[in-house]
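For the sequence shown, the positions run 3 to 382 when the working numbering is used. Note that beta-carbon positions come from the ideal geometry of N, C-alpha and C, so glycine has one too. Model, not experiment: these values are computed from the prediction. Encoded as structure tokens, the structure appears first; notes follow it.
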Amino acid sequence: MTGKTKNNTLFAFMILIGTFYSNSVLCQSSKALETIFAIEALDAATADLKNANNAKKRVKSLSQAIQSYEETLAILRISIRDLSLQQTQLQNILDNNENEVMQLLGVLATFQKAPIAGQMLHPEGPLATARSGMIISDVIPILQKNVEQLRDQITTLEKLSETQFAAQNSLQTGLSELQKAHTNLGRAIANREALPKRFSTDPKKLELLLKASKDLETFAESVQTIAINEPSVSLPSVRERKGNLNLPVRGKILRKFKEADAAGVKRSGIILATDPRAIVISPTAATIRYLGPLLDYGNVAILEPENGLLFVFAGMDTLYGEIGQVIPALSPIGLMPRQVADIDKIFKTGANIYSGKLSETLYVEVRSGSVSENPLDWFK
3 MTGKTKNNTL
13 FAFMILIGTF
23 YSNSVLCQSS
33 KALETIFAIE
43 ALDAATADLK
53 NANNAKKRVK
63 SLSQAIQSYE
73 ETLAILRISI
83 RDLSLQQTQL
93 QNILDNNENE
103 VMQLLGVLAT
113 FQKAPIAGQM
123 LHPEGPLATA
133 RSGMIISDVI
143 PILQKNVEQL
153 RDQITTLEKL
163 SETQFAAQNS
173 LQTGLSELQK
183 AHTNLGRAIA
193 NREALPKRFS
203 TDPKKLELLL
213 KASKDLETFA
223 ESVQTIAINE
233 PSVSLPSVRE
243 RKGNLNLPVR
253 GKILRKFKEA
263 DAAGVKRSGI
273 ILATDPRAIV
283 ISPTAATIRY
293 LGPLLDYGNV
303 AILEPENGLL
313 FVFAGMDTLY
323 GEIGQVIPAL
333 SPIGLMPRQV
343 ADIDKIFKTG
353 ANIYSGKLSE
363 TLYVEVRSGS
373 VSENPLDWFK
């Protein structure tokens, strides 16, 4: 390779490295800024959560504040995970390019120490010497710029570490506040004025129905038989709101209506992936037809927004309310199962309770008479 070719290659390499480092710094700064915004949003949501505990309608206020808080926590979790990945990526860049960086610093030191005349000499003659001199005069500023960008990279890495530490502390505080909010919600429900009851329950009929039911469909079709002294009046119709109701829990659709699972089983509902301890809320005012364990579905809530229409939510842990109660819209129904949080894993794998990975599932079914309808036609 000639001296001219070497210098041209070095010149192109300098530009490539400089552009790469510059873009990387901008990316890291953006992620850090997003995380700072998420921390500030969580602080504001924490204040709302505390205010809700002192509100006149504590149950409703706490339920809505908890749901908003879950959303804010989810944003912070994603920001932390992304920030951690970017931090690792930046560290890997610095580690993997350590030799190149040392070479650049060595070349820069050589240019700075060598006499100008020595830098300009070229074995191919005066013309090549002139060309080499022009290239070197261009390369030196680029080398200096790359050193400055390298310094920026190291500074950015330090700032990422500081931001991640602050975010971790905010997340831990946020999880503690959420647990307190769940406790406060339970107390508020226990201390609230008694909700109206539309009917009483025949315990013997309920026991027999639970034993006789082989699946959720059989139970749902016969659940009205457990009611005693039920008036014929119905709650106001919600059918005009079909398609505009909020899902009962924050989550993502894991399996659609009648979509086969791994075993080839098709169910007459949808499955939502949720966070552990996510709050489940009634989308409408409704009568609680059933609330309790059922077969292998975990704890189940069967709500009746109007006569002949049932919303079935299965897979909860904690339950709120009583069979026969008429609950207002946005009332808490329960909480999803709990898992033990391992904060350290958040920054490594993202695979646990508050990492952004939705590890629990809620089954949602809508029944009109004896016919199952697609819940996605009802919920937005």
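Rounded C-alpha distance that separates residue i from residue j
i, j, result
"N246", "W380", "7 Å"
"G300", "E261", "21 Å"
"L364", "S270", "13 Å"
"K38", "D45", "Before going on, a small fix: residue 38 reads as Ile here, not Lys. Approximately 11 Å, taken between the alpha carbons."
"P285", "T157", "49 Å"
"G176", "A40", "12 Å"
"Q155", "I95", "10 Å"
"E308", "R194", "24 Å"
"P198", "V373", "29 Å"
"L159", "L237", "59 Å"
"S234", "D204", "18 Å"
"T90", "V328", "52 Å"
"K206", "A229", "11 Å"
"A316", "A47", "29 Å"
"D298", "L305", "19 Å"
"V302", "F221", "11 Å"
"T320", "T289", "18 Å"
"K244", "A168", "43 Å"
"A57", "G188", "15 Å"
"Q170", "R83", "10 Å"
"Q66", "M318", "18 Å"
"E42", "Q151", "29 Å"
"D217", "A196", "32 Å"
"I283", "Q226", "22 Å"
"R291", "A265", "31 Å"
"K258", "L332", "24 Å"
"K382", "N98", "47 Å"
"G326", "L312", "14 Å"
Beta bridge counterpart(s) of residue i as assigned by DSSP
i, result
"K254", "A275"
"G336", "V282 and L321"
"P295", "N301"
"K213", "K213 pairs with nothing; no bridge assigned."
"L68", "One detail in the question is off: residue 68 reads as Ile in this sequence, not Leu. None, per the DSSP bridge assignment."
"I82", "For I82, which the question treats as bridged, DSSP gives no partner whatsoever."
"I329", "A288"
"F315", "A303 and V366"
"S202", "I230"
"F39", "F39 is not bridged to any residue."
"A262", "K268"
"L247", "F381"
"E308", "L311"
Contacts around residue i, its chain only, beta-carbon distance under 8 Å, and the 5 residues preceding and following it disregarded
i, result
"E72", "L180, R252, D277, A280 and I281"
"T165", "A34, T37, I38 and L85"
"S70", "A47 and D50"
"L2", "Nothing can be reported for residue 2: it is not among the residues displayed for the chain, which extend from 3 to 382."
"K268", "K260, E261 and A262"
Assumed close pair residue i, residue j - CB separation to whole angstroms, cut-off 8 Å
i, j, result
"L293", "E324", "7 Å"
"K78", "L173", "What sits at residue 78 in the sequence shown is Leu, not Lys. Right, the Cβ-Cβ distance comes to about 6 Å (below 8 Å), so this counts as a contact."
"L360", "I272", "Going by Cβ atoms, the distance from L360 to I272 rounds to 14 Å, so no, they are not a contact pair."
"V368", "E375", "5 Å"
Residue i beta carbon near the ligand SAM (any heavy atom closer than 6 Å)
i, result
"F381", "Among the components of this structure there are no ligands whatsoever, and the ligand SAM is therefore not found."
6 Å Cβ shell around residue i - same chain, five flanking residues per side excluded
i, result
"A183", "L51 and I68"
"E362", "T276, P278, M338 and P339"
"S81", "E36, T37 and A40"
"P330", "A287"
"L75", "G176"
"L208", "I228"
Run of the beta strand (DSSP E) containing residue i, from where it starts to where it stops
i, result
"L364", "E362 to S370"
"S374", "V373 to E375"
7 Å CB neighbourhood of residue i in its chain, flanking five on each side removed
i, result
"Q190", "With the sequence shown as reference, residue 190 is identified as Ala, and Gln is not the correct amino acid for it. Same-chain partners within the cutoff: R60, V61 and L64."
"N55", "L64 and N186"
"Y322", "I191, P334, I335 and G336"
"S224", "L211"
"E232", "R200 and F201"
"V240", "T286, P307 and E308"
First through last residue of the alpha helix (DSSP H) which encompasses residue i
i, result
"T220", "L218 to S224"
Residue i at chain B interface by Cβ criterion, 7 Å
i, result
"V282", "Included in the structure is just one protein chain, with no chain B present."
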